[in-house]
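*Asks:* Next up is a structure, given as structure tokens.
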Amino acid sequence: MNLVTNNKWIGQRTIRPDGMDKVTGRAQFAADTTMPGQIWGKVLRSPHPHARIRSIDTSKAEKLPGVKAVVTARDIVDFPIANGAVMLGIQDMRWMCRNVMARDKALFPGHPIAAVAATTEAIAAEACKLIEVDYEVLPWSIEIDDAILPDAPILHEFNKFDGKPSNIAGRLEHKKGDIADGFKKADIVIERTFTTRPVHQGYIEPHACLISVAPDGKTTIWSSSQGQFMVRAMTAYLTGIPQSDIRAIPAEIGGGFGGKTIVYLEPLATLLAKKSGRPVKMVMTREEVMRATGPTSGSKSTVKIGATKDGKIVAAHGTFYLQAGAFPGSPIRGAAGCSFTPYDIPNLLSEGYDVCSNRSKVAAYRAPGAPIGAYAVECVMDEVAEALKMDPLDFRLKNAAKEGTKAAHGPVFPRIGFIETVEAAKNSDHYKAPLGKLQGRGVASGFWFNAGGESSAQVNITEDGNVVVTTGHPDIGGSRAGIANICAELLGIDYRRVSVIIGDTQTIGFSNLTGGSRVLFASSIVVTQSTEKIIQTLRERAAKIWEIDPEAVKWENGAAHPVSPNAGQFEPLTLQELAEKAPAMGGPIGAGVQLNTTGADGGFGTHVCDVEIDVDLGIARVIRYTAVQDVGRAIHPGYVEGQLQGGVAQGIGWALNEEYIYTKEGKVDNPGFLDYRMPVCSDLPMLDCIMVEVPNPKHPQGVKGVGEVPLVPVMAAVANAIYNALGKRFYALPMSPPKVLEVLDAPTREAAE
Amino acid sequence: MAKVHVTTSINGEPMEFLCEPSDTMLDALRGPLALTGSKEGCASGDCGACSITLDDRLICSCLMLAVEAQDHEIRTIEGMAQGDKLHPLQQKFLEMAALQCGICTSGMLVASDALLKKNPDPSEEEVRFWLAGNLCRCTGYDKIVRAVMETAAEMRAQ
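Sequences listed follow chains F and L, in order.
Okay, so the first sequence: first residue is 1 according to our numbering, each after it adds one.
Okay, so the second sequence: first residue is 1001 according to our numbering, each after it adds one.
Written as structure tokens, this is what we have:
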């Protein structure tokens, strides 16, 4: 179903502009750079899940030879709770100023208490041990069930729910029709409760930054993040330095998946650099990443679906409780807003509850909230289909959202490609292949909103007739390759003549985060418009040289041509020739566009998963996987497939092994890659992709976001496959070997009892 | 404590450096030797981003003491290409989109090279088990495994 025609570069598997640096070890990630006179920063962290901070004495640490500066919450700009929310994107600065450094209370083990800069990392670590903190240890809760008890220890006394102090920080609902009425019409109703554990984004590069503050306040930040403009703004808010004095330079980013959309180190390093007068480098250890940065929520969801005998869903009700961690802000919008969205359900109530507890504040993770909700909804969908004796994909087709369907979260869908994904899954060789003994097959679908937002681009023609494109969002998974394809296509030149650069905050206009599956959608709009402006200039220049009307000049295959023989007989003028003539013909050729882009279409995917169960060890092994997704238009199919495969691998980890495990003291017990078990190469099969292309009519190239949908259906697809293999359903993640064994051994145990 | 003087060979060149007795080889590479192609993802030998070879044996440089390099031969990602000519694995990783963020790529390439030296005709299963010590969170490993298999086939054909 490839709709891309007559393109030379769009849709081609070109070599990414940053690839050579990355395969030779030259690429500069945040921890790879040093500055003259640089010193090291380290953070002292709370050992307690919940404690009032009575006092902090840093005097001994300050006296240690080699220590250059110490900072505590006193040095960070306070955003008092009573003054109300101060929003920066989705983050409230009242929480951010307390998350980067505990203010009155430590709210999770790993919560920063103070930071030290010293001439070596070892001295900084030693100085942290000399800081004396007087804690009043408080009772705590981590799990949702404990945190919502009437007598639970309250994290934030000012937070009220139903008029009483509570750890429930917010509720959101999407409603359509009347569920009570809807369920009355149902012939079959199934209601189940599911739990998931917190999981970490697991990027391989720990958070890192290097920061220099000059005596006049001019600040240079070199850091790993999903948005240099977010880094600039948050650092400005928390240190009081004006944004115009901060230059945030995006280093190459070694993975983020949502987890690098907030700052942890940058404000601390800036304050340490300011106090010490020296550039400060800070790099987290893996343990710090696991204890103190944002994983996603653990959850408890109840989903009820009612359908008639002929397979039509008449009502659905979902209740999704998500852990926020130490501060409000769990992704309930993704859970409540995405999970039922693939289906046209006349009567629907979808509720989300944001629950604070004593673990690190959650951060975005790939379609935040949506995989949690989809796990519950898509498992119940499977049970309803089975009860109706319907093929699960036919059941989805019968209830599929399509053009004109009103989604519960608001929009009426334009032309969408959900049905196409289900049909492609159904028609795939994978879905028709026979299964062996102890093997099972599961399917699931998923949705993510996708986003547009602010983006800036500058396209400049070099004096030798090549092209430099600058955009403002970090390239996390190959967006530079897509931009090079588009720019080369529009100009009609070889893609290798286009260089794509990520600008820093002081050299390119505001560009929002790399997140929400927005980057190629938004950046290609501003790059297209900039390139079109340049083509207009090139036509005008050729017209001037030929002394004809610009309208009589067309741009084709990298050169200006007369539109027809009637316009005159002229040899084409190439980009290179026009660039060389530029000084005499009006000056440098370049154009920039800055926009708040709109028109992002939602993304849909349908997955097919086969598992095989090792009954002796309790291992559910994924042996075949196919991810089908409506990708709008694949500008670089290699990196679109990469997004699909990467999301699937993360979902398989979430389904089968990954989880935060806590000690009875409330501390994360598996803060490293050995015990927090992400999938390794030998855990996975090849991951097949089917890219359905239903172009987005509101985008010049038809682009839809692709990065997040691939994680949404995975846990349900794996769970449904395990059910199909074993005849047993799991209502809790992860479905790790001990839990599978428990189910397998149950009949034997029962017989023995 | 005084620093230790180490004489070694890195990527075929004689090299000397000073280090603390407790420094790892990764500390030395990224610090005094300024070879930052090897990355620190975990410092516990679980992610493989710092993979190097010591006398042709694949190791995690975060698990080796820098002083142990004395009189041994170290190879890192920086020594993989010959001048401006990429190693066939590097070329294939580029062509087949076998990298996304790129933080694991150095280690993946060093580990894959060590595999092909040992076994020029590995099965998919052998590639997967050999690379099981190198975590990648972006790609789902599919394209990496394919790139290694294809490079092996091309190198055998030559």
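We put the CB at the ideal spot given by N, CA and C, even for glycine.
1) Can you have a look at LEU3 of chain F and say buried or exposed, based on whether 16 or more other CB atoms are within 10 angstroms of its CB?
2) Determine, using beta carbons only, whether ALA385 of chain F and PRO392 of chain F come nearer to each other than 8 angstroms.
3) Tell me which residues share the same chain as ALA139 of chain F and place their Cβ nearer than 6 angstroms to its Cβ, disregarding the 5 neighbours each side in the sequence.
4) May I ask you to verify whether the stretch 93-113 of chain F touches the stretch 317-335 of chain F, counting CB pairs closer than 8 angstroms and requiring at least 3?
5) Quick check on GLN576 of chain F: does DSSP put it in helix, strand or coil?
6) Check this for me: beta carbons of CYS1062 of chain L and GLY1079 of chain L, under 8 angstroms apart or not?
7) At a Cβ cut of 7 angstroms, what residues of the stretch 1113-1129 of chain L count as close to chain F, listed as they run along the chain?
8) Measuring CB to CB, does ALA117 of chain F end up less than 8 angstroms from TRP40 of chain F?
9) Please work out which residues of its chain come closer than 8 angstroms, Cβ to Cβ, to PRO1021 of chain L, disregarding the five sequence neighbours upstream and downstream, and give them in chain order.
10) Report yes if the CB atom of CYS356 of chain F is closer than 8 angstroms to the CB atom of HIS48 of chain F, and no otherwise.
11) Using a Cβ-Cβ cut-off of 7 angstroms (strictly less than) and excluding sequence neighbours within five positions of TYR662 of chain F, which residues of its own chain qualify?
12) Quick one: what's got a C-beta closer than 8 angstroms to VAL709 of chain F's C-beta in the same chain, skipping five residues either side?
13) Could you spell out the range, first to last residue, of the beta strand (DSSP E) harbouring ILE661 of chain F?
14) Which bits of chain F does ALA1049 of chain L rub up against, with CB to CB less than 9 angstroms?
15) Under the three-state reduction of DSSP, which class applies to ALA444 of chain F: helix, strand or coil?
16) Please name the residue, chosen from F:ASN159, F:ALA30, F:GLY240 and F:GLN650, that lies closest to GLY84 of chain F on a Cα-to-Cα basis.
17) Mark VAL527 of chain F as exposed unless 16 or more other C-beta atoms lie within 10 angstroms of its C-beta, in which case mark it buried.
18) Could you check what DSSP says for TRP40 of chain F in three-state terms: helix, strand or coil?
19) With a CB to CB cut of under 7 angstroms and the five nearest residues on each side skipped, what residues in its chain are close to GLN1091 of chain L?
20) Let me check understanding here. Comparing Cα to Cα, which of F:GLY369, F:VAL422 and F:LYS185 lies closest to ASP310 of chain F?
21) Taking only the alpha-carbon atoms, compute the straight-line gap between THR597 of chain F and GLU1150 of chain L and give it to the nearest angstrom.
22) Thinking C-beta only, is GLU1126 of chain L closer than 8 angstroms to ASN1119 of chain L?
23) If distances are taken between C-alpha atoms only, which option among F:ARG541, F:ASP354 and F:ASP216 comes closest to ALA169 of chain F?
24) I'd like to know whether the C-beta atoms of SER479 of chain F and ILE525 of chain F end up nearer to each other than 8 angstroms.
25) If we cut at 8 angstroms on Cβ distances, does CYS128 of chain F have a partner in chain L?
26) Closer than 8 angstroms, CB to CB, is GLY1012 of chain L near chain F or not?
27) Considering Cα atoms alone, identify which of F:ALA457, F:LEU644, F:LEU656 and F:ALA124 is closest to LYS68 of chain F.
28) What three-state label does DSSP hand LEU155 of chain F in the structure shown?
29) Any idea what DSSP makes of PRO250 of chain F, helix, strand or coil?
30) From this set, F:ALA655, F:PRO109, F:GLN701 and F:ALA752, which residue's C-alpha is nearest ASN6 of chain F's C-alpha?
31) Using a Cβ-Cβ cut-off of less than 8 angstroms, give me the residues of the stretch 1038-1068 of chain L that come near chain F, in sequence order.
32) Buried or exposed: which applies to THR193 of chain F, given that a residue is buried once 16 or more other Cβ atoms fall within 10 Å of its Cβ?
33) What residues from the stretch 677-688 of chain F come within 7 angstroms of chain L, judged by C-beta to C-beta, listed N to C?
34) Assuming ALA336 of chain F and SER350 of chain F make a contact with CB atoms under 8 angstroms, what is their CB distance in whole Å?
35) I need the DSSP call for ASP683 of chain F, collapsed to helix, strand or coil.
36) Using a Cβ cut-off of 8 angstroms (strictly closer), state whether GLY754 of chain F contacts chain L.
*Replies:* From the atom records:
1) As a position in the first sequence, residue 3 of chain F is number 3, starting the count at 1. Here LEU3 of chain F scores only 38 on pLDDT, less than 50, and its place in the model is too uncertain to base an answer on.
2) On the first sequence, residue 385 of chain F is found 385 positions in, with the first residue counted as 1. On the first sequence, residue 392 of chain F is found 392 positions in, with the first residue counted as 1. Cβ atoms of ALA385 of chain F and PRO392 of chain F: closer than 8 angstroms.
3) By one-based count along the first sequence, residue 139 of chain F stands at place 139. Per the sequence shown, the amino acid found at residue 139 of chain F is Pro instead of Ala. These residues qualify, in order along the chain: PRO153.
4) yes
5) As a first step, residue 576 of chain F must be located in the first sequence, where it is residue number 576. Residue state, collapsed to three classes: helix.
6) Along the second sequence, read from residue 1 onward, the residue named residue 1062 of chain L stands at position 62. Along the second sequence, read from residue 1 onward, the residue named residue 1079 of chain L stands at position 79. Cβ atoms of CYS1062 of chain L and GLY1079 of chain L: not closer than 8 angstroms.
7) ARG1128 and PHE1129
8) Within the first sequence, residue 117 of chain F is the residue found at index 117, counting from 1. Within the first sequence, residue 40 of chain F is the residue found at index 40, counting from 1. Cβ atoms of ALA117 of chain F and TRP40 of chain F: closer than 8 angstroms.
9) Along the second sequence, read from residue 1 onward, the residue named residue 1021 of chain L stands at position 21. Excluding residues within five positions, the ones whose Cβ falls inside 8 angstroms are MET1001, VAL1004, LEU1065 and VAL1067.
10) As a position in the first sequence, residue 356 of chain F is number 356, starting the count at 1. As a position in the first sequence, residue 48 of chain F is number 48, starting the count at 1. Result no, Cβ atoms of CYS356 of chain F and HIS48 of chain F do not sit closer than 8 angstroms.
11) The count along the first sequence starts at 1 and reaches residue 662 of chain F at position 662. If we look at TYR662 of chain F and ignore the five residues flanking it on each side, its Cβ neighbours are ILE142, VAL668 and ASP669.
12) The residue you call residue 709 of chain F lines up with position 709 of the first sequence. The residues are ALA367, GLY446, PHE447, TRP448, SER517, GLY603, PHE604, GLY605, GLN629 and GLY647.
13) What you label residue 661 of chain F is simply residue 661 of the first sequence in a count that begins at 1. Element bounds for ILE661 of chain F: n/a, residue is neither H nor E.
14) Position 49 of the second sequence, counting from 1, holds the residue named residue 1049 of chain L. Neighbours of ALA1049 of chain L on chain F, chain order: ILE204, GLU205 and GLY254.
15) The residue given as residue 444 of chain F occupies position 444 in the first sequence. In the structure shown, ALA444 of chain F sits in a strand (DSSP, three-state: E or B).
16) If you number the first sequence from 1, residue 84 of chain F lands on position 84. Cα-wise, what sits closest to GLY84 of chain F is F:ASN159.
17) Taking the first residue of the first sequence as position 1, residue 527 of chain F is located at position 527. Result: buried.
18) Counted from its first residue, the first sequence places residue 40 of chain F at position 40. In the structure shown, TRP40 of chain F sits in a strand (DSSP, three-state: E or B).
19) Taking the second sequence and counting its residues from 1, the one referred to as residue 1091 of chain L is at position 91. Nothing listed; no residue qualifies.
20) Locating residue 310 of chain F in the first sequence gives position 310, where the first residue counts as 1. Selected option, being the one with the closest Cα: F:LYS185.
21) Here residue 597 of chain F corresponds to residue number 597 of the first sequence, with the count starting at 1. Here residue 1150 of chain L corresponds to residue number 150 of the second sequence, with the count starting at 1. Approximately 41 angstroms between the Cα atoms of the pair.
22) Within the second sequence, numbered from 1, the residue matching residue 1119 of chain L stands at position 119. Within the second sequence, numbered from 1, the residue matching residue 1126 of chain L stands at position 126. Yes, these two residues count as a Cβ contact at 8 angstroms.
23) On the first sequence, position 169 is the one that residue 169 of chain F refers to. When each option's Cα is compared against that of ALA169 of chain F, the closest is F:ASP354.
24) The residue given as residue 479 of chain F occupies position 479 in the first sequence. The residue given as residue 525 of chain F occupies position 525 in the first sequence. Contact flag unset, no.
25) Position 128 of the first sequence, counted from the start, is the residue given in the question as residue 128 of chain F. Judged by the 8 angstroms Cβ criterion, CYS128 of chain F is not in contact with chain L.
26) On the second sequence, residue 1012 of chain L is found 12 positions in, with the first residue counted as 1. False, the Cβ-Cβ gap to chain F never drops below 8 angstroms.
27) As a position in the first sequence, residue 68 of chain F is number 68, starting the count at 1. It is F:ALA124.
28) On the first sequence, residue 155 of chain F is found 155 positions in, with the first residue counted as 1. Residue state, collapsed to three classes: coil.
29) Indexing the first sequence from 1 puts residue 250 of chain F at position 250. PRO250 of chain F: strand per DSSP, three-state reduction.
30) Along the first sequence, read from residue 1 onward, the residue named residue 6 of chain F stands at position 6. Cα-wise, what sits closest to ASN6 of chain F is F:GLN701.
31) SER1038, LYS1039, GLU1040, GLY1041, CYS1042, ALA1043, SER1044, ASP1046, CYS1047 and ALA1049
32) Residue mapping note: residue 193 of chain F aligns to position 193 of the first sequence, counting from 1. Its Cβ having fewer than 16 others within 10 Å, THR193 of chain F is exposed.
33) MET678, VAL680, CYS681, SER682, LEU684, MET686 and LEU687
34) For the purposes of this step, residue 336 of chain F is taken as residue 336 along the first sequence, with counting starting at 1. For the purposes of this step, residue 350 of chain F is taken as residue 350 along the first sequence, with counting starting at 1. Yes, they are in contact, since the Cβ atoms of ALA336 of chain F and SER350 of chain F sit about 4 angstroms apart, within 8 angstroms.
35) By 1-based counting over the first sequence, the position of residue 683 of chain F is 683. In this structure, ASP683 of chain F counts as helix in the three-state DSSP scheme.
36) Outside the displayed range of chain F (1 to 753) lies residue 754 of chain F, so it cannot be described from this structure.
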